[in-house]
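**Q** Please see the structure below; I have some questions.
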Amino acid sequence: MTNISSSFNAFQNDFEVLIAPLYETHENDFDFIGIHGRKHISRALIFGECLARYYVTAFNLSVDFEAVRTAIAFHDAAREGNGRDVWEAESAELCFHYLQRKGQEESYCREVANFISQKSEAHSWGQIVYDADVLEYMRLFCNTPKGKEQFEEERLCFLSHKDILLSSTAKADKAVRSQLIEEAWLLIRLTEEVGTIRVSNHYLQDLLTWIGENDAKFPLIWSLLSRDEENSSNNK
13 MTNISSSFNA FQNDFEVLIA PLYETHENDF DFIGIHGRKH ISRALIFGEC LARYYVTAFN
73 LSVDFEAVRT AIAFHDAARE GNGRDVWEAE SAELCFHYLQ RKGQEESYCR EVANFISQKS
133 EAHSWGQIVY DADVLEYMRL FCNTPKGKEQ FEEERLCFLS HKDILLSSTA KADKAVRSQL
193 IEEAWLLIRL TEEVGTIRVS NHYLQDLLTW IGENDAKFPL IWSLLSRDEE NSSNNK
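Under the working numbering, residues 13 to 248 are what the sequence shown spells out, in order.
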């Protein structure tokens, strides 16, 4: 078995040094309120991690964690503005070259990069990349009168009739789906408050620590983040 925590910790080190600075640049250049900054990408990574670990836990799927983490981490990396993402191809290329430098084969690098450039046509583990961003979309409603009511839950594939990662015999637990949405909303709302956690290039690590310190508020998220073992030696 591969240890999830160890592989995630190793990824966090890379993220802090090589990827988070790209999002810090966003904040300095065009994204002064942090819509596509380090908060956004750190929470998206946590949501993706929870989704991936749930599929491992509940359905014994062999998830490619490296693909999921890397595609999520780079999905907004090349942005030059907020609003509609017209830079997906450029973000995908950054992802591709990052994996190449890590020694991955070209075909694998392109497959993972395509999770970004073809995000609206999510397939394979790209669905997790897509869903992590869908959950993060709720951040746009934090300061609106209706709040989470504006979130279009049908856009989320996780444990719905659109979930391509479920076999025809797998039972989708609607209660888990609803709980994840509620906890994701709470996490976003609380961390969008000024001063909750200082934004830095190690924001992801600080956020994980903060969730652990407030685990009673996030029982599902924390139970998934606390798991240590992946179920397949083939997992990344």
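Note that the Cβ used here is the ideal one computed from N, Cα and C, for glycine as well. Values in this document were obtained by computation on a predicted structure and should not be read as measured data.
For the alpha helix (DSSP H) containing N213, name the first residue and the last one.
**A** As a position in the sequence shown, residue 213 is number 201, starting the count at 1. First-last for N213: undefined, no H or E at that position.
**Q** So does D227 have its beta carbon nearer than 7 angstroms to some heavy atom of the ligand GDP?
**A** The ligand GDP is absent from the structure shown, which contains no ligands of any kind.
**Q** What are the boundary residues of the alpha helix (DSSP H) that D143 is part of?
**A** Counted from its first residue, the sequence shown places residue 143 at position 131. D143 -> alpha helix (DSSP H) spans 138 to 148.
**Q** Note down, in chain order, each residue of its chain lying with its Cβ closer than 8 angstroms to the Cβ of E105, except the 5 sequence neighbours on either side.
**A** As a position in the sequence shown, residue 105 is number 93, starting the count at 1. Correct list, in chain order: A90, A125.
**Q** Using only CA atoms, which one of C154, Y35, F42, V68 lies nearest to I140?
**A** As a working note, residue 140 is residue 128 in the sequence shown. Closest option to I140, Cα to Cα, is V68.
**Q** Could you tell me which uninterrupted alpha helix (DSSP H) segments, each at least 4 residues in length, are contained entirely in the segment 76 to 138, listed from first to last along the chain?
**A** Counting only runs of 4 or more, we get 77 to 86, 100 to 113, 118 to 129.
**Q** Thinking just about the alpha-carbon of each residue, which of Q24, I176, D143, S129 is nearest to the one in G60?
**A** Along the sequence shown, one-based indexing puts residue 60 at 48. The shortest Cα separation from G60 among Q24, I176, D143, S129 belongs to D143.
**Q** Going along the chain, which residues of its own chain have a beta-carbon closer than 7 angstroms to the beta-carbon of N247, five neighbours each way excluded?
**A** Locating residue 247 in the sequence shown gives position 235, where the first residue counts as 1. Residue confidence is low: N247 scores 44 on pLDDT, short of 50, so the model does not pin down where it sits. No coordinate-derived value is stated.
**Q** If you draw a straight line from the C-alpha of I31 to the C-alpha of K158, how long is it?
**A** Within the sequence shown, the letter at position 19 stands for residue 31. Within the sequence shown, the letter at position 146 stands for residue 158. Answer to the nearest angstrom: the Cα atoms are 34 angstroms apart.
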